[in-house]
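Structure, as structure tokens:
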Amino acid sequence: MSITRRVTYKLYPNRQQDAKLHYWRRLHASLYNAGVYNRKTQYQRLGHSVNYLEQQNSLPAFKEVWPEYKELGSHALQATLKRVDFAFTRFFKGLGGYPKFKASRRYSGWTYPCGAGWQVDTNGKNGHLTISNLGKMQMRGKARTWGKPTTCTILFRNGCWYASLTVQCQPQRQTSTGSIGIDLGCKEAITLSTGEKISKPDFLKVGQHKVKAASKSLRRKRSPNRNKRVKASRRWKKERLKVSKLQRKVTRQREDWLHKTTSNIVSSNSLIAGEQLNIKGMTSKAKKGKRNKQKAGLNRLILEVGFGIIGGFLEYKAAEAGGFYLESPTRTLKPTQRCAKCWELTPKTLSDRVHICSNPNCQHTEDRDVNAAQVNEIWARGQELSSLDAEPLSSTDCVDHEATRGEEASETPTQRKRVVSSSLVHYL
Ligand SMILES: [Zn+2]
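Adding 31 to a residue's 1-based position in the sequence shown gives its number in this note's numbering.
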């Protein structure tokens with residue numbers, strides 16, 4: 032069974048190619064806007080909803096009027112119209128606002144949805160990308176596992192061009208028989224059930240400081256104001272580029288760290304136990320007038336560590352290695368309060384850093400986060416055992432698991448707030 036993976040390479044076009052890429056990006060942006068305009072006006076004037084097929088069929092006539100679009104490749108043009116369709120589908124489903132016109136300087140790029148129009152010459156590491164009517168470009172990057180490339184998306188980001196390829200491949204990963212529980216926190220980013228603590232890397236803080244300083248410098252430059260017809264100063268433009276470069280660097284560093292840490296965990300454990308997180312709820316704004324700054328700082332901490340990403344990484348990496356990543360139902364299991372020795376609940380406040388069991392016969396003492404990670408691990412082992420008994424979903428834990436998921440979908444806002452506060456209690 033092969034899986035789709037995405038690999039991004041940096042492109043090195045020559046001067047003519049660079050100019051052409053920019054020109055093509057503008058053309059694709061105009062096509063996108065034309066697609067949005069077409070749907071909008073047709074509906075407003077004639078009450079007619081234009082669908083994707085109608086727009087696709089009008090492409091040949093469109094290219095007769097605008098012959099410069101001919102060299103872009105018909106499949107790439109169709110893919111851009113698909114983006115229009117996607118934006119409208121999202122809007123109709125109530126997932127997004129009405130599609131907006133996009134400025135060409137903000138337009139990210141275009142896609143070759145099949146093998147037509149491009150060719151890649153690489154074995155996964157570096158190589159060359161050839162695009163029809165544009166030529167051969169050097170590309171740099173490395174795929175963890177290489178396979179059959181299927182689609183190619185050209186991106187312009189921070190003054191550089193990138194090719195993002197989807198590849199059909201069969202990723203392999205080594206693992207061993209161990210099992211481990213993890214607990215995510217703000218003080219120590221990841222706590223393992225073995226007692227090991229992985230703290231948040233320092234470079235995140237350093238990077239944030241640099242971003243902050245550059246942002247401040249940006250605020251002092253003349254920003255554009257369309258209403259007052261003020262153009263941005265050259266220094267403002269320069270500084271803005273600097274800010275976005277710094278931000279991107281921090282993002283890349285964090286991602287690298289997350290990849291390394293999760294790969295490490297997977298390499299020695301085939302059963303990994305985390306917990307269900309309600310990131311959106313956890314990072315929601317504080318209620319009006321209620322410790323706004325503190326909550327904002329907490330949200331930043333949660334997002335800085337990348338709580339949401341860790342689970343996703345562990346899940347797919349464990350699957351690649353043939354292992355399992357399970358998430359315990361935080362609300363019913365309460366890993367922070369439960370004792371890893373006797374399974375008794377001990378209520379705690381945010382400042383209680385040590386778990387001392389309230390059960391007089393147990394009095395088990397352990398670091399709070401380590402205890403929570405151990406509880407997760409024990410829960411996951413129970414899950415594995417019950418699945419080995421070939422009783423899918425018959426054990427109470429499994430049913431609970433499903434029930435919490437169902438509840439979460441149908442819960443009212445007030446209930447959600449309660450969940451938020453309880454999960455926050457858990458994370459500090
Ligand atoms: Zn106990």
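Cβ coordinates follow ideal geometry from the N, Cα and C atoms, glycine included. Predicted model only: the values in this text are computed from it and were never measured.
Taken in chain order, the complete alpha helix (DSSP H) segments of 4 or more residues contained in the stretch 78-135 are 83-88, 90-96 and 105-123. One thing to note: L42 has its Cβ within 9 Å of the Cβ of Y193.
Bridge partners of V38 according to DSSP: L196.
A heavy atom of ligand 1 is found nearer than 8 Å to the CB of K372. Per the DSSP secondary-structure output, D152 pairs in a beta bridge with H159. At a Cβ-Cβ threshold of 9 Å, G178 and C145 do not count as neighbours. R204 and K348 have their C-alpha atoms roughly 8 Å apart. E375 has its Cβ nearer than 8 Å to a heavy atom of ligand 1. At least one heavy atom of ligand 1 is found less than 8 Å from the C-beta of N390. In the DSSP assignment, A327 forms no beta bridge with any residue. A heavy atom of ligand 1 is found nearer than 8 Å to the CB of H395. Inter-residue distance for I340 and D152 is about 32 Å (C-alpha atoms, whole angstroms). Our two residues, Y356 and T222, have alpha carbons roughly 16 Å apart in a direct line. By the Cβ criterion, the stretch 207-216 is in contact with the stretch 401-417, since at least three pairs of Cβ atoms, one from each stretch, lie closer than 8 Å. Within the same chain, and ignoring the five residues on either side of E351 in sequence, the residues whose Cβ sits closer than 6 Å to its Cβ are P202 and R204.
Only exposed fits V237, as fewer than 16 other CB atoms lie within 10 angstroms of its CB.
DSSP places H240 within a helical segment (H, G or I) once states are collapsed to three. According to DSSP, residue pairing for C191 in a beta bridge involves R188.
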